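Step one of this worksheet: look at the structure below.
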Amino acid sequence: MADAVIVVALLLVAVSATAAVAVRDPVRQALVLSVLGVVLAVLFTVLQAPDVALSQLAVGSALTPLLLLLAVHKVKRRGRKEGRHR
Amino acid sequence: MNGWILAAAVTLGGGVGATVWGVATGPLRRRAVAQNLCTAFACPALLLLSQGYDRPSYVDLALVLALLGPVGTLVFARLLADELAEDPPSAWGLTYAAAAVGAVVVPALCVAVGPSRAMAKLLVVGVLLIGGNVVASRALSGGFPEVRRG
Amino acid sequence: MSRRVRLWLLAVGGGGLATLFVAAALDLPAFGGDRHPYGDRAVHASLARHTANVIASVNFDQRAFDTLGEMTILFAAVIGCVILLRQTRDEHRDRPAPEKVARPVRRHALLVLPVALLTGLYVIAHGQLSPGGGFQGGVVAATSLHLLYLGADYRALERVRPVGLYETGDAIATSAYVVTGLAGLIGGTAFLANTVLPYGTFNTLSSGGTVPLLNAAVGMEVACAVVVLLARFLDQAVEIEEGNGK
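Chain order of the listed sequences is W, H and U.
Sequential numbering of the first sequence, starting at 522, is according to the numbering used here.
Sequential numbering of the second sequence, starting at 227, is according to the numbering used here.
Sequential numbering of the third sequence, starting at 751, is according to the numbering used here.
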């Protein structure tokens, strides 16, 4: 019955990963990727790999969304400026 | 298979499953709240797993999630301040429900662990989780009123 | 080479790879079994060197050379980002005005910052005892510093983060890893051999020989690398504008 938790975690990862691909807008994708990171960390914990889970939590919770959103912010700012000049 | 792992499976399937659905569909307002609540449900699940597998070192995972999960939500709250201001998310009912899950799980685990350093660590994780959850919700619903340049 | 020849080459190579993959997959042990020949030997070696966290022993002792490669990959990636995101001649810096942040958010950020920094250092220091280690703790510590940006604004962060210092720290930490490895060579065994320090008492902070030292070096390297990386991204996103100034 301990496999029930493994099955739940695997299903969550499958659904989140599919959602991450299906969502097209980068900002919304960053939100889904953040949730995917947490769910992946839970999967690694359930498969008894806490070091990998800790790495995933450390990187995926704040660092990856920050990098993505800063890139989107920069591109939007440049687009807004060019729009104004035109 | 014991009660702790079953409780963790229920929290994951119900709580985190609902946040996965919430973050993939709907307006930006709902997605941001779902991302915030994902931390609030996953952290108690990790604590329950740590007790269920009888490995106290897994509490470190819950500690790091309780610290960095709200930081992730603050990232979204700050860098999406313009877009969220048009349609501010306010899901205080859900936030308090998620905080209640944490407030039930942490004392239950403290009782199971007994007075020791491990209990102090659990209490720290609980405080960080609930405090971070509430502050991150506050940040999403108008915490950055005049952020323009980011 | 024409397009058809290229596609044929791809098909042959891909077909060969697929055959090898299928042959290997059919020979794998079942999921969740209890036959782990490599795992048994790794755990035995780790316990012989009094390292409680077997992953740390594998990363920093048995396969320390691979970790040196991973660390230099991160170092090179950060160098690449610094070069790509540097301020060019047709850009100028435009300092943003201080931003207003709600008080509970600011208070929370300033309270959690030292706790998160301490947690990062705790994870680095206990790498040889519990799940964690240099990489994980380094990223946590670097992220905690950026709570200053999220809870206040970019100018507050810039004040506590002289980027040149962190770039130097990154280079020093990478060199420290290599020098610790050279100590093994000079001590008469091999590069990165875990024979220069006593193994210590099992499950205490001073155990595992050179594992805590390499942990600390990687922790410092990763923290500095992440801070420099985020500094370049933040500069481009918040400060640097196109044009030669107003």
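Ideal placement from N, C-alpha and C gives every residue a C-beta, glycine not left out.
Everything numeric in this text was worked out from a predicted model, so none of it was measured.
Item	Value
Say whether chain U places a C-beta atom closer than 8 Å to the C-beta of LEU294 of chain H.	yes
Could you say which of H:LEU238, H:LEU293 and H:LEU305 lies nearest to VAL988 of chain U if we only look at CA atoms?	H:LEU305
What are the boundary residues of the beta strand (DSSP E) that includes HIS858 of chain U?	Taken as a continuous stretch (DSSP letters only), HIS858 of chain U belongs to no beta strand (DSSP E), being part of the alpha helix (DSSP H) at 853 to 875.
Helix, strand or coil: how does DSSP classify LEU582 of chain W here?	Reading the sequence as shown, one finds Ser at residue 582 of chain W and not Leu. Of the three classes helix, strand and coil, the one that applies to SER582 of chain W here is helix, per DSSP.
Less than 7 Å between C-beta atoms, sequence neighbours within five positions excluded: which residues of the same chain meet that for PRO282 of chain H?	SER276 and ALA344
Measure the C-alpha to C-alpha separation of LYS996 of chain U and LEU979 of chain U and round it to an integer number of angstroms.	Its pLDDT being 47, under 50, LYS996 of chain U is placed unreliably by the model, and the measurement read from it follows with that caveat. Whole-angstrom Cα-Cα distance: 28 Å.
My parser needs the alpha helix (DSSP H) runs of 4 or more residues fully inside the segment 261 to 342 of chain H; what are they?	285 to 305, 307 to 312 and 318 to 339
Have a look at PRO779 of chain U and HIS786 of chain U and give me their C-alpha separation to the nearest angstrom.	9 Å
For ALA258 of chain H versus LEU552 of chain W, is the C-beta spacing smaller than 8 Å?	yes
Report yes if the C-beta distance between VAL972 of chain U and VAL889 of chain U is below 8 Å; otherwise report no.	yes
How is GLY882 of chain U classed by DSSP in three states: helix, strand or coil?	coil
CA-CA distance, ILE936 of chain U and ALA926 of chain U?	15 Å
LEU590 of chain W versus chain H: which residues are under 8 Å apart at the beta carbon?	VAL301, PHE302, LEU305 and LEU306
Residues in the segment 540 to 571 of chain W with C-beta within 8 Å of chain U's C-beta atoms, listed in sequence order?	PRO571
Can you tell me which of H:LEU293, H:GLY239, H:ARG255 and H:ALA334 puts its alpha carbon nearest to the alpha carbon of ALA887 of chain U?	It should be noted that the sequence gives Gly, not Ala, for residue 887 of chain U. Of the candidates H:LEU293, H:GLY239, H:ARG255 and H:ALA334, the one whose C-alpha sits nearest the C-alpha of GLY887 of chain U is H:LEU293.
Would a C-beta distance cut-off of 8 Å place LEU955 of chain U and ALA875 of chain U closer than the cut-off?	yes
Using only alpha-carbon positions, find the residue among U:ASN809, U:ALA975, U:ILE990 and U:PHE983 that is nearest to ALA826 of chain U.	U:ALA975
If we cut at 8 Å on Cβ distances, does ALA987 of chain U have a partner in chain W?	yes
Just to confirm, are LEU578 of chain W and ALA592 of chain W a CB contact at a threshold of 8 Å?	no
Pick helix, strand or coil for ARG843 of chain U, following the three-state DSSP scheme.	strand
Can you pull the chain W neighbours of ASP286 of chain H, defined as C-beta to C-beta under 9 Å?	PRO571 and LEU575
Strictly below 8 Å CB to CB, what residues from chain H border LEU531 of chain W?	The premise fails here: LEU531 of chain W is roughly 11 Å from chain H at the closest Cβ pair, so nothing lies under 8 Å.
Quick one: is VAL755 of chain U buried, meaning 16 or more other Cβ sit within 10 Å of its Cβ, or exposed?	exposed
Answer yes or no: do ALA234 of chain H and GLY295 of chain H have a C-beta to C-beta separation smaller than 8 Å?	no
On the three-pair Cβ rule with 8 Å, is the segment 262 to 274 of chain H touching the segment 854 to 867 of chain U?	no
Do ALA906 of chain U and LEU915 of chain U count as a contact pair if the criterion is CB distance below 8 Å?	no
Could you give the first and the last residue of the continuous beta strand (DSSP E) run that contains GLU991 of chain U?	990 to 992
Please work out which residues of its chain come closer than 7 Å, Cβ to Cβ, to GLY919 of chain U, disregarding the five sequence neighbours upstream and downstream, and give them in chain order.	MET970 and CYS974
Alpha carbon to alpha carbon, what distance is there between PHE810 of chain U and VAL855 of chain U?	39 Å
Excluding sequence positions up to five away, which residues of its chain have a Cβ less than 8 Å from the Cβ of VAL350 of chain H?	LEU289
Which residues bound the alpha helix (DSSP H) around GLU908 of chain U?	904 to 910
Give me the subset of the segment 258 to 279 of chain H whose CB atoms are less than 8 Å from a CB atom of chain W, sorted by chain position.	ALA258, ALA260, GLN261, CYS264, THR265, ALA268, ALA271, LEU272, LEU275 and TYR279
If I measure Cβ to Cβ from LEU807 of chain U and keep anything under 6 Å in the same chain, skipping five residues before and after, which residues do I get?	Looking at the sequence provided, one finds Ser at residue 807 of chain U rather than Leu. Within the same chain, SER807 of chain U has close Cβ partners SER796 and THR801.
DSSP state of GLY950 of chain U, grouped into three classes?	strand
Taking the C-alpha atoms as reference points, what is the distance between ILE990 of chain U and LEU835 of chain U?	10 Å
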